[in-house]
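Read left to right, the first sequence gives residues 9 to 559 (my numbering).
Beta carbons: idealized from backbone N, C-alpha and C, even for Gly.
Notes for the one structure printed next.
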Amino acid sequence: MRVRVHEIVRIAVESAMAEGALTLISLPEIIIEKPKKDGFGDFATNAAMLLSGALKKPPREIASVISAKIAKNPLVEKCEVAGPGFINIFLKSSYWTKVLSEIIKEGAGFGRSNAGGGKKVLLEFVSANPTGPLHIGHGRGAAVGDSLARIMGFAGFKVTREFYINDIGAQTIILGESVKLRFEELIGKIISFPDNYYKGEYVKELAKEFRDENGKGANDIAPSSFQNFAGKKMLGRIKKDLKDFGVEFDNWYSEGELVRHEGLGKILTAIEKTGFTFVEDGALWMKTKELANDDKDRVLQKANGETTYFLSDVAYHKDKVKRGFDILINVWGADHHGYEARIRAALKAFGHDPDMLKIIFIQLVALMRSGAPVPMGKREGEFVTLRQVMDEVGVDACRFFFLMRKSDAQLDFDLELAKKQAPENPVYYVQYCHARIKSIIEFAKESGINIPEDPDENVFGRLKEKEEFELIRHLSAFEEVVAKSARDMEPHKVTFYLTELAGMFHPYYNKNRVVTSEKNLTLARLLLCKAVATVAANGLTLLGVNAPDKM
RNA sequence: GCGCCCGUAGCUCAGUUGGAUAGAGCAACUGCCUUCUAAGCAGUAGGCCACUGGUUCGAAUCCAGUCGGGCGCACCA
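Here it is as structure tokens:
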């Protein structure tokens, strides 16, 4: 919607230039903003200030020329020059009622745009090692990644969601060994459990399952069968947790398959061919310092012939590019930020633009209970799992809390607060707005007033309240908020938008009756309510949070 | 020591491709349910945007430095 205002300004400036009122120069990007103060109009632009440098004229002088042009637009009520050279635009109410019609017409599709231009995005997130259950930090990554996928998809990107499974390597071997020991313990052997093995209860559960499926006396079982068993079971559990959390993936990308399919030797040769490798102390290195200003160069193949995790990652990211993606997004825990440079280096080595890679770092979640921190020690094998939290507070509250903050800011997650069905819990604020409107519409229906499918725009003429137009103005910004959220890869922008929307609707509801004795006014307000509910539902869907009809 | 992130109201945080008088929620205090959902609303109060300097018409936003907090610096995965 704001795009149209953009057009109004652009056309005004261009025609002023064409007529010689302004010197013809190339246009800077015009910023249209929603002014903070009512008196500053529906929209404002600083175009004149931006032009003043190039035109060597005072901003206010330029502003008055542009302003006069803008005022001639049929959608514009009036246009003023203010302050140092802002142009404040006041739109006719017909402009706003058209927005309402659009929302009603587009329904669940309102807010969708082509801002992303169909660019192909590979969004890799969670990618937890299948050596233990997902913990709360993975949950945050899952919520952010999934929501971002929804948002970017809505904003016109073509998004593929991928989970990279580290299903080979030392950690999976250790998990297998851990289960093997617990299994031996179960069948009565005395064991000593090494310190670096996985100690969680889930390992004992896996051992039990193994026994149940393979018989009690199963002895002399190859270690690899424990490893395969444990890896498969853990991955299954992770998949189920994610599914119950409302997160689906397009691809489950196996490191093991990548290695088997590509062949490590082939990958190594390809990397060596780039010329960005060297041998030192018997190991093969990549020049990540030179390529991406990394702290140090990184080893691809150790002196003992083993390959590193980094090599797999190089192969993986090379493959991502090969599959034709324009943008690669990785959602990583903040403790991985040291890895960014080496991946960028790898992309560069193969001649790709390293800027196609965007890494979203997820800061830690500090779990609280009624204001006091919940102790978490992964070393002891006892950490709070995503499953525990979503079972306790519910998926909606859990996801909403994860999406309330910028990803790279640490998050305090208070379990008691998230559970509380009380005003201080922010989760229900938006949901309540939706449910409340549904209830109003239901009430109207019972009173014999149905919302027409294809409403006559003239009824909107009954909307006169300032709050009504503020609501519509906010509704009209939804598409742009989604587009910005996608562009900046920051889902929390949608969360804030929705909280604001609810924060405008609730006071409006309290002040104004929707269902009145006057038919057209009732219809107009019902339609406005329906539009608010539509946008609230669309936004909540982007967060992966339900929009309930009743609460 | 080097690199990255962060420092905004009592608390948790928005606000950064530089814009007009810096916002919200919670906590605190005062009010509002015989009419569409009180999981709601109205009101009060709360600030050297860590500090110092620079860039300019204009800085919470950009730059440099200082202080304070977090994380990372493997031939680990």
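Given residue i as reference, the closest of the options once Cα atoms are compared
i	options	result
Y261	N137, P463 and H514	N137
S415	K77, S155 and W104	S155
T560	K42, F333, V540 and A357	In this structure the chain extends from 9 to 559, so residue 560 is not present and cannot be described.
V438	K207, F421 and V502	V502
L565	Y347, E114 and E487	Absent from the model: residue 565. The displayed extent of the chain is 9 to 559, so no value can be given.
P6	P381, M376, A380 and F333	Any question about residue 6 goes unanswered here, given that the chain covers just 9 to 559.
I367	A380, D343 and E465	D343
E400	A380, L423 and S378	L423
E132	G119, R377, A354 and W340	W340
K492	C87, G124 and P66	G124
F118	G28, V107 and H146	V107
I198	D252, L189, N204 and Y205	L189
E475	T507, H514 and T524	H514
Y436	V403, S121 and F201	V403
S320	N528, D175 and I195	D175
Bridge partner(s) assigned by DSSP for residue i
i	result
K128	K166
H143	T393
M376	P381 and D422
L99	V84
L365	L336
M294	T285 and R306
F253	For F253, which the question treats as bridged, DSSP gives no partner whatsoever.
W260	F171
G341	I370
A90	F94
I40	T53
Contact test: residue i Cβ vs the ligand NAD heavy atom, cutoff 7 Å
i	result
R18	As presented, the structure is devoid of all ligands, the ligand NAD included, so that no description of it is given.
Integer-rounded CB distance, given that residue j should sit under 8 Å from residue i
i	j	result
T349	A300	Note on identity: in this sequence residue 349 is Ala, with Thr being the wrong assignment. With a Cβ gap of about 5 Å, A349 and A300 count as contacting.
K538	I112	6 Å
C441	A426	At roughly 19 Å, the Cβ-Cβ gap does not stay under 8 Å, so C441 and A426 are not in contact.
V89	A24	Contact doesn't hold; Cβ gap of about 14 Å is too wide.
I275	L142	Contact doesn't hold; Cβ gap of about 29 Å is too wide.
A150	L250	6 Å
V540	L471	Not confirmed; about 13 Å, so no contact.
G552	G254	5 Å
A20	I78	4 Å
L365	L336	5 Å
M294	L272	Not a contact, Cβ separation roughly 15 Å.
Three-state secondary structure (DSSP) of residue i
i	result
I112	helix
Y172	strand
A215	helix
K386	Reliability fails at K386, whose pLDDT of 45 lies under 50, so the model's placement of it is uncertain and the value that follows must be treated cautiously. The answer is helix: DSSP assigns K386 an H, G or I state.
Y205	coil
S484	helix
I457	coil
A29	coil
N553	In the sequence on display, residue 553 carries Val and not Asn. Three-state result, V553: coil.
F133	coil
A52	strand
E475	helix
G78	Reading off the sequence, residue 78 comes out as Ile, not Gly. In this structure, I78 counts as helix in the three-state DSSP scheme.
T315	strand
I199	coil
E526	coil
M9	Because the pLDDT of M9 is 48, which lies under 50, any placement of that residue in the model is unreliable, and the number read from its coordinates should be weighed accordingly. In this structure, M9 counts as coil in the three-state DSSP scheme.
R148	helix
A417	coil
F410	helix
A443	helix
D462	coil
E348	helix
M497	coil
P67	helix
F468	helix
K558	coil
Under 8 Å, with one C-beta from each stretch per pair, do the stretch 212-224 and the stretch 260-275 reach the 3-pair mark? In short, these stretches do not touch, since the Cβ pair count stays below three.
Counting pairs of beta carbons, one from the stretch 406-426 and one from the stretch 456-463, are three or more of them closer than 8 Å? Because the criterion of three Cβ pairs below 8 Å is not met, the stretch 406-426 and the stretch 456-463 do not touch.
So, do the stretch 495-512 and the stretch 420-430 have three or more beta carbon pairs nearer to each other than 8 Å? Not touching, per the Cβ criterion.
Tell me, please, whether the stretch 99-118 touches the stretch 138-154 by the rule of three or more beta-carbon pairs shorter than 8 Å. Contact between the stretch 99-118 and the stretch 138-154 is not established, with fewer than three Cβ pairs separated by less than 8 Å.
Would you say the stretch 234-254 touches the stretch 175-188, given that touching needs at least three Cβ pairs under 8 Å? The stretch 234-254, when compared against the stretch 175-188, does touch it at the 8 Å Cβ threshold.
Tell me whether the stretch 167-180 and the stretch 367-377 touch, counting them as touching only if at least three CB pairs, one residue from each stretch, are closer than 8 Å. When C-beta atoms of the stretch 167-180 are compared with those of the stretch 367-377, fewer than three pairs fall below 8 Å, so the two segments do not count as touching.
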